[in-house]
């Protein structure tokens, strides 16, 4: 609904900013006092993976006099506000007071919590810019940032319907000595004082490799990136900020294990074997909490599928899951604070940063082709042997091999044509989704059986809850059978001659 | 979005003053408010210091070639926007007549704004016309300023009879005594008696005050430039009463 602002930095030490603006705009516009100047404290909020920033949005919690206010602004001029006094950060968007702003944030952040990205204190003064009818056509905001100390910032924001006038004002101001247009957004400026930038975190393996570089050097770069991601997610997992910290940590562990398995022969003898065991310990530690997270995250959707029971009947089951998760999370947090974990990560960092390229060895292009080719052949062989009568374990094994192939594609993505790579990943993802649903359904049904036993043993369950859990298990079983019946079609797509040709093209040495 | 229309067949009874002051008070309460000035005389537009011009004129708005949203201007007050009048609005009747369902057209045009405003005040020109019929169909509540005379009451009855003949949606009617001259015994008597006798007449009456006339000099709602005045208090009381009537 709003229009875009124009931002400037004011660096003229000779005269007050208001004098400069008045001189620049007279006689067409006059500048008059608006709201009184005030000291405001600003906390910029975003998810750990910068979902708002990626969507071109900035969320600030502004407090000063009166109740705190959340302000969401977009680079296209979108602006939404809501009072949010008393919110403790980090917080999930659903903990905010109801309204359009919360709806917008919930859709963007999903399961991720909002947490402080930066903080600042400013003295803010607002002026009205009047036309010759004494009508306010724009707001001029003078923002003197006190902590951290930054140059005075000016912004011109059009009153609705007066964007042309605001644009004229901005053009005129830009010609004034000491006024520099195009100030970086305040969040960027504040983060820059600490050597940071918004959007820095990504869970992706964004390593750029040169096809001709030694494979060991490339693998070390990938492993280092994975370790960075793993470590970046430790604090959030320990503090249990949101479920995605553990998810990203766990994926980093899995990727590391895959890299060691598929590319271990590129490393010095013994190193991969030693750390594969260490990372298996870490991976196993994360499994119980993550399984419960998946269960709880899909709980409402599962409860909505009940046919004979009411979702309310599942409350004791939900409570039990929540209690178990709390215990498992504590156990996990203890392990992540342990000396064993610290030794693992620090030792691993030293080991991979000190890796020297071997005197003789393949290029990464060649090694990548070999690794992807082998992983692809394994998936084809294992999947091709699965029939309607195959045991569930075969599908689980195939799922693991698919993950290995997917991770291998991610490690070496920068070596390939992006479109061809994207297509290969898309085909694999279709198969992975079906296998994932099958596996999740199996795990959840198993958990329901175990928990029902525990609740019975503790005499802590009403009959209605047990019946509802049975109903839920039946619905999950239905989804599991559906995924099982979809498997053949999905695999046929993945194994089609055209898809195979695409993978074979990827699995050729790009440096040859 | 609640749609409140200030309407009377007669002119000069305080419709615009009511729309501007109640709109301002609603915005001050934190509601997102739009005032739509449908009167080609553009009095509300003038009072809010906006120039009375809409690109493409009334025809572009009624035909839908220009969305209402694009014609809206921010006022000097937080949460208060204005759809300014344009001199071409004198032909809104003819423009509406050229549409398929003229009496429903205004409601249709306002619908896309529902997510952005909590309240819209429609300030209507006097007279009974296709435009006023369209306004009555769009409104949830019709605010009718009446000068306390027997003839004014007759026109109020005509209006309520007319609305009761609507199929489906019928707006609520809240009349209020306006421009009360305290020196006139008849005014005083009717203003005191009416709210007791009729459910559709508000208890609050707006006196004839020079402070209200001063709005045209200040070009501002009375509560913005004279917040403690009798006039500002009267409008605040009226707004409280109108707001309490909203479901």
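Protein chains in written order, with our numbering: chain X, 1 to 512; chain L, 1 to 247.
The C-beta atom is built at its ideal place from N, Cα and C for all residues, glycine as well.
Query: Residue 248(X) to residue 289(X) span [Cα, whole Å]; Result: 13 Å
Query: Residues that residue 161(X) contacts on chain L, provided the C-beta gap is smaller than 7 Å; Result: 72, 73, 74
Query: C-beta neighbour in chain X for residue 49(L), strict 8 Å; Result: yes
Query: Interface partners of residue 81(L) on chain X, CB under 7 Å; Result: 160
Query: C-beta atoms of residue 118(L) and residue 20(L) nearer than 8 Å; Result: no
Query: Proximal residues of chain L, C-beta to C-beta of residue 167(X) below 8 Å; Result: Ordered by position in chain L, no residue passes the 8 Å Cβ test against residue 167(X), which lies about 15 Å from the chain.
Query: Short Cβ contact (8 Å threshold) for residue 222(X) with residue 411(X); Result: yes
Query: Proximal residues of chain L, C-beta to C-beta of residue 135(X) below 7 Å; Result: 49, 50, 76
Query: Span of the alpha helix (DSSP H), counted from its first residue to its last, around residue 7(X); Result: Careful: residue 7(X) lies outside any alpha helix (DSSP H), inside the beta strand (DSSP E) at 5 to 10.
Query: Stretch-stretch touch, CB-based, cutoff 8 Å, three pairs: the region 123 to 135 of chain X with the region 24 to 39 of chain X; Result: yes
Query: Three CB pairs or more closer than 8 Å across the region 76 to 86 of chain L and the region 35 to 50 of chain L; Result: yes
Query: Three-way DSSP call (helix, strand, coil) for residue 81(L) in this model; Result: strand
Query: Residue nearest to residue 323(X) in terms of C-alpha spacing, selected from 348(X), 424(X), 44(X), 296(X); Result: 296(X)
Query: Cβ separation of residue 177(L) and residue 205(L), assumed to be a contact under 8 Å, to the nearest whole Å; Result: 4 Å
Query: Pair within 8 Å by beta-carbon distance, residue 226(X) and residue 252(X); Result: yes
Query: Contacting residues, own chain, Cβ-Cβ under 6 Å from residue 13(L) (five flanking each side not counted); Result: 145, 147, 178
Query: Proximity below 8 Å, CB of residue 119(X) to CB of residue 49(X); Result: no
Query: Helix, strand or coil at residue 1(X) according to DSSP, with G and I counted as helix; Result: The pLDDT assigned to residue 1(X) is 38, lower than 50, so where the model puts this residue is not dependable; a value taken from the coordinates is nonetheless given after this. Of the three classes helix, strand and coil, the one that applies to residue 1(X) here is coil, per DSSP.
Query: Where residue 247(L) sits in the DSSP three-state scheme; Result: coil
Query: For residue 176(L), the three-state DSSP class (helix, strand or coil); Result: strand
Query: Cα-Cα separation between residue 194(X) and residue 178(X), rounded to whole angstroms; Result: 26 Å
Query: Residue 380(X) versus residue 282(X): straight-line alpha-carbon distance, rounded; Result: 29 Å
Query: For residue 126(X), the three-state DSSP class (helix, strand or coil); Result: strand
Query: Cβ separation of residue 200(L) and residue 160(L), assumed to be a contact under 8 Å, to the nearest whole Å; Result: 7 Å
Query: Three-state secondary structure assigned by DSSP to residue 24(L); Result: helix
Query: Span separating the alpha-carbon of residue 90(L) from that of residue 184(L); Result: 35 Å
Query: 8 Å Cβ cutoff, residue 1(X) in contact with chain L; Result: Residue confidence for residue 1(X) is low, a pLDDT of 38 falling below 50, so the modelled location carries little weight and cannot support an answer.
Query: DSSP three-state assignment for residue 63(X), whether helix, strand or coil; Result: strand
Query: Presumed contact (8 Å Cβ cut-off) between residue 48(L) and residue 75(L), rounded CB distance; Result: 5 Å
Query: Endpoints, beta strand (DSSP E) assigned at residue 121(L); Result: 119 to 123
Query: Cβ contact (3+ pairs, closer than 8 Å) linking the region 325 to 333 of chain X and the region 227 to 243 of chain X; Result: yes
Query: Inter-stretch contact (C-beta, 8 Å, three-pair minimum) for the region 167 to 183 of chain X and the region 366 to 379 of chain X; Result: no
Query: Element boundaries [alpha helix (DSSP H), containing residue 261(X)]; Result: 243 to 263
Query: Contact set for residue 23(X): own chain, Cβ-Cβ below 8 Å, skip 5 residues either direction; Result: 176
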